[in-house]
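S.K.: Taken in sequence, the protein lines are chains A and B.
Mapping to this note's numbering: the first sequence position 10 is 2, numbers consecutive.
Mapping to this note's numbering: the second sequence position 105 is 97, numbers consecutive.
Idealized CB from N, CA, C, for every residue including glycine.
Attaching a single structure in structure tokens format; questions to follow.
Number of protein chains: 2
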Amino acid sequence: MKKITIGEAARQSGVKVPTIRYYESIGLLAEPERSEGNQRSYAQSHLHRLAFIRHARELGFEIDAIRTLLTLQDDPNQSCASADAIAKARLIEVEQRIRSLMALKAELEMMVEGCGHGRVDQCRVIEVLADHGECMHPHH
Amino acid sequence: MKKITIGEAARQSGVKVPTIRYYESIGLLAEPERSEGNQRSYAQSHLHRLAFIRHARELGFEIDAIRTLLTLQDDPNQSCASADAIAKARLIEVEQRIRSLMALKAELEMMVEGCGHGRVDQCRVIEVLADHGECMHPHH
DNA sequence: CTTGCACCTCTAGTCGCTAGAGGATGTAGG
DNA sequence: CCTACATCCTCTAGCGACTAGAGGTGCAAG
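Right under this line is the structure:
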């Protein structure tokens, strides 16, 4: 096989070099072979792994969840109930996060619209922050 | 005035005791008086400050932004342009975050719906993660 | 006076990286 | 073969915003 350096792996996977080393250090990515001069030399399997990890991270899965997903991937006979549960949990998290951000958005819009661009003592931004009763607090 | 202990301040503000001490240590909250036995004793002004900080944190403002907002609040003659700018920047951040979370949500829904609850080798969750081409990648 | 909770300080840990120091290796040109 | 330069190596420390825990002191009720 061809020897893939860490820099090449970074380019192909879109994961930065120090991050790849970090994933190795926490046991998320298997240790690759080393060249005579002690430099990492990756195989295709490592690249697949990195792509998987990167995509999962982009979807906001935590490292521990990814660890589980990776072991599931390695054992294709297993039931996919765990993978399903992890993805569902993540979906619920994302939905909650969206809801709470929408509430924040509404509140921030009110603050910004209400700002008369005058002095601080008439500023709605400061005012709303200072007095929680001023906002429509659909959250917290 | 009555003496407000740190525990009482925590209860009234909704900010945890260690977090209050942390805010003091980073200079966000002024040091309160101390009792004879070296215990913190807060005034009403501290409680207002804490409420302000808490509300701002709930809206996702960073500590540094809050620092700026607090100095603005202390100087009511100043123009509120900075406060306005900070709030607007935060609003844009929130809007972007919502957009990207909506994309994630769509992708996660496809994964979860496609899961036939069978074995891992037919699992859409794992499959999509493994092969980025499988998802409709509206993001990244 | 004792019990037990709340307080004190200090350090270290969390998560997922990122930055930098200080040195070794690999490669391309002269 | 030598040199220049990019890339690699390990290691430690830092980020933000807390949180947890150890080990000790203060205080109020019974």
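Can you pull the chain B residues whose beta carbon is under 9 Å from the beta carbon of residue 55 of chain A, in chain order?
M.R.: Chain B residues near residue 55 of chain A: none, gap ~14 Å exceeds 9 Å.
S.K.: At what residue ranges does the segment 14 to 58 of chain A contain a whole run of the alpha helix (DSSP H), taking only runs of 4 or more?
M.R.: 36 to 50
S.K.: Report the start-end ranges of each alpha helix (DSSP H) in the segment 72 to 106 of chain A that is 4 residues or longer and not cut off at the edges.
M.R.: 73 to 106, all fully within the segment 72 to 106 of chain A.
S.K.: What residues from the segment 43 to 67 of chain A come within 7 Å of chain B, judged by C-beta to C-beta, listed N to C?
M.R.: 43, 44, 47, 48, 50, 51, 52, 61, 64, 65, 67
S.K.: State buried or exposed for residue 24 of chain A, treating a residue as buried only when at least 16 other CB atoms are found within 10 Å of its CB.
M.R.: buried
S.K.: Spell out whether any CB of chain B is found under 9 Å from the CB atom of residue 38 of chain A.
M.R.: no
S.K.: Is there a C-beta anywhere in chain B that falls below 9 Å from the one on residue 8 of chain A?
M.R.: no
S.K.: Taking a Cβ distance cut-off of 9 Å, strictly less, list which residues of the segment 100 to 114 of chain A are near chain B, in chain order.
M.R.: 100, 101, 103, 104, 107, 108, 109, 110, 111, 112, 113, 114
S.K.: Hey, does residue 80 of chain B have any beta-carbon neighbour from chain A nearer than 9 Å?
M.R.: yes
S.K.: Note down, in chain order, each residue of its chain lying with its Cβ closer than 8 Å to the Cβ of residue 64 of chain B, except the 5 sequence neighbours on either side.
M.R.: Cβ neighbours of residue 64 of chain B beyond the five flanking positions: 70, 72, 74, 75.
S.K.: Using a C-beta cutoff of 9 Å, does residue 32 of chain B count as contacting chain A?
M.R.: no
S.K.: When Cβ atoms are compared, which residues of the segment 85 to 100 of chain A fall closer than 7 Å to chain B?
M.R.: 86, 87, 89, 90, 93, 94, 96, 97, 99, 100
S.K.: Could you tell me the alpha carbon to alpha carbon distance between residue 67 of chain B and residue 113 of chain A, rounded to whole angstroms?
M.R.: 8 Å
S.K.: Residue 118 of chain B CB to nearest chain A CB: under 9 Å?
M.R.: Interface residue, yes.
S.K.: Check whether the Cβ atoms of residue 39 of chain A and residue -2 of chain A lie closer than 9 Å to each other.
M.R.: no
S.K.: Can you give the beta carbon distance from residue 82 of chain B to residue 61 of chain B, rounded, assuming they're within the 8 Å contact cut?
M.R.: About 10 Å; that fails the 8 Å criterion.
S.K.: Thinking C-alpha only, which one of A:16, A:93, A:80 is nearest residue 116 of chain B?
M.R.: A:80
S.K.: Are the Cβ atoms of residue 48 of chain B and residue 5 of chain B separated by less than 9 Å?
M.R.: no
S.K.: Could you tell me the distance, in whole angstroms, from the CA atom of residue 121 of chain B to the CA atom of residue 57 of chain A?
M.R.: 12 Å
S.K.: In chain A, which residues lie with their C-beta within 9 Å of the C-beta of residue 122 of chain B?
M.R.: 40, 43, 44, 47, 65
S.K.: Candidates A:29, A:45, A:37: which alpha carbon is nearest residue 14 of chain A's?
M.R.: A:45
S.K.: Could you check which residue in A:33, A:78, A:10 has the C-alpha nearest to that of residue 101 of chain B?
M.R.: A:78
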